[in-house]
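In what follows, a structure is listed as C-alpha cells, so that the remarks can point back to it.
Protein chains in written order, with this note's numbering: chain D, 1 to 330; chain U, 1001 to 1289.
If you want it as C-alpha cells, here you go:
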C-alpha cells in the first residue's frame, strides 16, 4: 500500500485557472478568424449538450432539435427587429424562452411516444417547423430569413456600454453565456433530478413505482433542453446577424448535434463538447481540401457507430487508463 | 361537366398514383420494422439512388431493363448494409441503428450529388407509356395510369409471396416469434438479410417508376422519403394495411392540398400526423410503438 499524498487545496484551482487564462487570452492571440471559429464551436457545444440531456441522460433520440435551436434563433432575431430598444440580455433570454416554450408545447405529444416513434415524431415536428418557417412569410420573411437586425450594445446604464459588433467583444459575451449554460447543464446532471433522468432511461417502470411523475419529469427535461438549445440558437442569431430556415431549421441542423454527441462520446457529459470541437476542427480542415464535407461526416458517423461506440471521450479514457494507471482496474 | 368535378377527378387520380407509389416505398420500410424491429432511415435515400440508377440505365439500355436491374442493384446494397452493419449493432438497441442508418443516408445523398450533380434530371417515359389516355371527357397521362396498375400488380405479388410461398410463411412466423423459428432449424439471420433485400427492392421499384413521374433530383429523398416515414408512422409501425390506408390518405391530401390550399399543403401531412399521434400514439392500425 502506498499512502496517498493529498495535494494542497489550492492545486485544484490550477487547471481551471489555466483554462480560464487560455479562454481570456484566446482572441488576443489568434485573431478574428479563429475567434469566430471558437464562437461557432461554443454555440454548437451548448446545442449538442442540450441534445445530450435527452440522448445520453434520458435515452430519447431527438431528430428534431433544430425546432428549439431555430425557435430561439428566430425569437431573438424577430425581437431585435421588431421591438425598438430591446436589450441584449432580454433578447438572448427571449431566445431561450422561445426554445423552452416550443418544447413545452410539443411535450404532451412527445410524452405519448418513445423509442423509434419518438425519433420519428421529433423528425416530423422539426420538418413541420421548417416548412412553417418557409410558408409563414408574413412573420419569418420566408426563405430570405431575418437579417440585418440591430445588435444592441452590452450596456449597464450609467456605467458602461460596449459594442457587440467586433468579434473580440462578442467572443467574451458568447463564452460567458454559453459557459454558464454548460455549467448549469453539468450541475443539473449532479442533482437528484439528474439521477431521475438516468432512472427514466434505464428503468422507467421502477422510477414510476418510486412515486415520481414520469410525464411531468420528461416535460421538464424537454423544456430545459429546449431552453438551452434556444439560448444556443439565440447566440447563433446574434453571431451571424442572419437567420434563415435553411440555416437553423433544416434537418441538417438537427443531425449536426447528433453527430457531435456520437463522435464525442455518447453517455458522457464531456462527449458533445469534445464532439463539437472535433467536428469544428474537421470542418475547418476538410473544407480546404474538399467540397464533400457531408460525405466525410457521414462516413465518420458510420465508422464511429460501427467501431467506436464510445467516441472520443471513450478513446481518451482508454488511453489514460493504458498509459497512466499502473494498476489495471480489474 | 363543370370544371370543379373535372379538377376533383384529375386530382383524385393523381393523388391515387402518388399514394400508391408512397405505399411501395413505405411498405418496405414498414415490413422491415415489423419483422426486424429496425427503422431504416436510409430507406428513402436508397429509393433515390434507385431513381438515379434508373435514369442512367434508361439512357444506356432502356426503361424496362432499368426497371429490372436497378431495384436488384439497390436490394444487393440493402443486403450488404443489413449483413455487415445493422446486424452487428442490433443488440445495442434502437438509437445506434437510427444514427447509423441516417449516416448511411447522408453518404448516399452526397454520393448521388457527387456523381450526378445537383440539377434536376428529366426522364421521358417509354414510347408505349407516353401520351394521354382519353376516357370519356377525361384526358389523362398514360404514365400515371401505368403507375396505378403497376403498384397494384406489385401489391398482389407481395400478397402472393407472403401468403402462398414457403418464404412468406417463414417470414410471417419469424415476425411473430423469431426464436421459435430459429429453433425449428431455419436460418433466421439469412431470412432477415433476404427480407431486408426484398424491402429495399420494393423501394428500388418505386424509385425507377418515380423517375419519369417526377424528375430526379437530390431533394427526392426528402420529399418522398418524409412522406413515406409519415405514412409508416401514421399507419402504425409494422402494419401493412395501416400503411396502405395512410399512403392513399397522404397521396390524396397532397394532391388536393396543392390544388386548394397551395401555401399550407406541405404542412398538412405533418399536421395530420401530429393529430393522429396525439389521439392514438400507435398510429391508425398499429399495436405497438
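Quick reminder that beta carbons are idealized off the backbone N, C-alpha and C, glycines included.
(message) Less than 8 Å between C-beta atoms, sequence neighbours within five positions excluded: which residues of the same chain meet that for residue 182(D)?
(response) In chain order, 45, 46, 49 and 273 place their CB closer than 8 Å to the CB of residue 182(D), counting only its own chain and leaving out the 5 sequence neighbours on each side.
(message) Suppose you measure from the CA of residue 1164(U) to the CA of residue 1245(U); what does that come to, to the nearest Å?
(response) Answer to the nearest angstrom: the Cα atoms are 23 Å apart.
(message) Let me confirm a value: residue 1048(U) is counted as buried when at least 16 other C-beta atoms fall within 10 Å, else exposed. Which label applies?
(response) Classification for residue 1048(U): buried.
(request) State the beta-bridge partners of residue 160(D) as determined by DSSP. (result) Beta-bridge pairing links residue 160(D) to 156(D).
(request) Have a look at residue 1152(U) and residue 1020(U) and give me their C-alpha separation to the nearest angstrom. (result) If you draw a straight line from the Cα of residue 1152(U) to the Cα of residue 1020(U), it is about 8 Å long.
(request) Please compile the residues from chain U whose C-beta is within a distance smaller than 8 Å of the C-beta of residue 262(D). (result) Result: 1099.
(request) Going by DSSP, name the residue or residues bridged to residue 188(D). (result) DSSP output for residue 188(D) lists no bridge partner at all.
(request) For the region 284-292 of chain D and the region 1079-1096 of chain U, state whether three or more C-beta atom pairs, one from each stretch, are separated by less than 8 Å. (result) Because the criterion of three Cβ pairs below 8 Å is not met, the region 284-292 of chain D and the region 1079-1096 of chain U do not touch.
(request) Note down, in chain order, every chain D residue with its Cβ under 7 Å from the Cβ of residue 1230(U). (result) Listed along chain D are 124, each with a C-beta nearer than 7 Å to that of residue 1230(U).
(request) For residue 1076(U), collect the residues of the same chain with a Cβ closer than 8 Å to its Cβ; drop the 5 residues on either side in sequence, then sort them by chain order. (result) 1197, listed in sequence order.
(request) Count the CB pairs spanning the region 1059-1067 of chain U and the region 1185-1202 of chain U that are closer than 8 Å, and state whether there are at least three. (result) With the cut-off at 8 Å, the region 1059-1067 of chain U and the region 1185-1202 of chain U do not touch.
(message) Are the CB atoms of residue 60(D) and residue 112(D) within a distance shorter than 8 Å?
(response) For residue 112(D) and residue 60(D), no; Cβs fall outside 8 Å.
(request) Inspect the CB distances between the region 244-261 of chain D and the region 123-137 of chain D and report whether three or more fall short of 8 Å. (result) Judged by Cβ distances under 8 Å, the region 244-261 of chain D makes contact with the region 123-137 of chain D, as three or more pairs qualify.
(request) For residue 1030(U), count neighbouring C-beta atoms within 10 Å of its own C-beta (all shown protein chains included) and say buried if the count is 16 or more, exposed if not. (result) Flag for residue 1030(U) reads buried.
(message) According to DSSP, simplified to helix, strand and coil, what is residue 1139(U)?
(response) Residue 1139(U): strand per DSSP, three-state reduction.
(request) Please classify residue 59(D): does DSSP put it in a helix, a strand, or coil? (result) It is coil, neither helix nor strand.
(request) Determine whether the Cβ of residue 319(D) lies closer than 8 Å to any Cβ atom of chain U. (result) For residue 319(D), the closest Cβ of chain U is not nearer than 8 Å.
(request) Please name the residues in the region 1222-1248 of chain U whose beta-carbon is closer than 9 Å to at least one beta-carbon of chain D, in chain order. (result) Of all residues in the region 1222-1248 of chain U, 1222, 1226, 1229, 1230, 1232, 1233 and 1237 have a Cβ within less than 9 Å of some Cβ in chain D.
(request) Measuring alpha carbon to alpha carbon, tell me which of 1083(U), 1116(U), 1087(U) and 1042(U) ends up nearest residue 1218(U). (result) If we check each option's Cα against that of residue 1218(U), 1116(U) comes out closest.
(request) Answer with buried or exposed for residue 1131(U), where buried requires no fewer than 16 other C-beta atoms within 10 angstroms of its C-beta. (result) Exposed.
(request) Classify residue 1123(U) as helix, strand or coil using the three-state DSSP reduction. (result) In the displayed model, residue 1123(U) falls within coil according to three-state DSSP, outside both helix and strand.
(message) Would residue 143(D) and residue 244(D) be called neighbours here (beta carbons separated by less than 8 Å)?
(response) Their beta carbons are under 8 Å apart, which means residue 143(D) touches residue 244(D) by this criterion.
(message) Under DSSP, the alpha helix (DSSP H) around residue 1166(U) begins and ends at which residues?
(response) For residue 1166(U), the enclosing alpha helix (DSSP H) begins and ends at 1166-1176.
(request) With 8 Å as the limit, tell me which residues of the region 1253-1269 of chain U have their beta carbon closer than that to any beta carbon of chain D; keep them in chain order. (result) Sequence-ordered contacts of the region 1253-1269 of chain U with chain D read 1263, 1264, 1266 and 1267 [C-beta pairs closer than 8 Å].
(request) Could you tell me if residue 165(D) is buried or exposed, where buried requires 16 or more neighbouring beta carbons within 10 angstroms of its beta carbon? (result) Exposed, by the Cβ-count rule.
(request) Taking residue 284(D) as part of the alpha helix (DSSP H), name the residues at either end of that continuous run. (result) 270-289 is the extent of the alpha helix (DSSP H) around residue 284(D).
(message) My output table needs one value for residue 210(D): the three-state DSSP class, helix, strand or coil.
(response) Under the three-state reduction of DSSP output, residue 210(D) falls in the coil class, being neither helix nor strand.
(request) With residue 1112(U) as the anchor, note down where its alpha helix (DSSP H) starts and where it stops. (result) For residue 1112(U), the uninterrupted alpha helix (DSSP H) run begins and ends at 1094-1116, by DSSP.
(request) Could you name the residues of chain D that residue 1111(U) contacts, counting a contact when the two beta carbons are closer than 8 Å? (result) Under the 8 Å cutoff, chain D gives 295.
(request) Please classify residue 70(D): does DSSP put it in a helix, a strand, or coil? (result) Note: residue 70(D) maps to helix in three-state DSSP.
(request) Please confirm whether residue 1026(U) and residue 1211(U) have their CB atoms less than 8 Å apart. (result) Not in contact: residue 1026(U) and residue 1211(U) (Cβ atoms no closer than 8 Å).
(message) I'd like to know if residue 88(D) contacts chain U, where contact means its C-beta is closer than 8 Å to some C-beta of that chain.
(response) No, its Cβ sits nowhere closer than 8 Å to a Cβ of chain U.
(request) Report the neighbours of residue 1042(U) on chain D: residues whose CB is nearer than 8 Å to its CB, in chain order. (result) Against chain D, the beta carbon of residue 1042(U) has no neighbour under 8 Å; the closest one sits roughly 10 Å away.
(request) Give the DSSP-derived three-state secondary structure of residue 13(D) in the structure shown. (result) Helix.
(request) Please report the Cβ distance between residue 1214(U) and residue 1220(U), rounded to the nearest whole angstrom; I am assuming they are in contact, meaning their Cβ atoms lie under 8 Å. (result) With a contact defined as Cβ atoms closer than 8 Å, residue 1214(U) and residue 1220(U) qualify at about 7 Å.
(request) Go ahead and pull the three-state DSSP assignment for residue 1134(U). (result) Look at residue 1134(U) here: in three-state DSSP terms it is strand.
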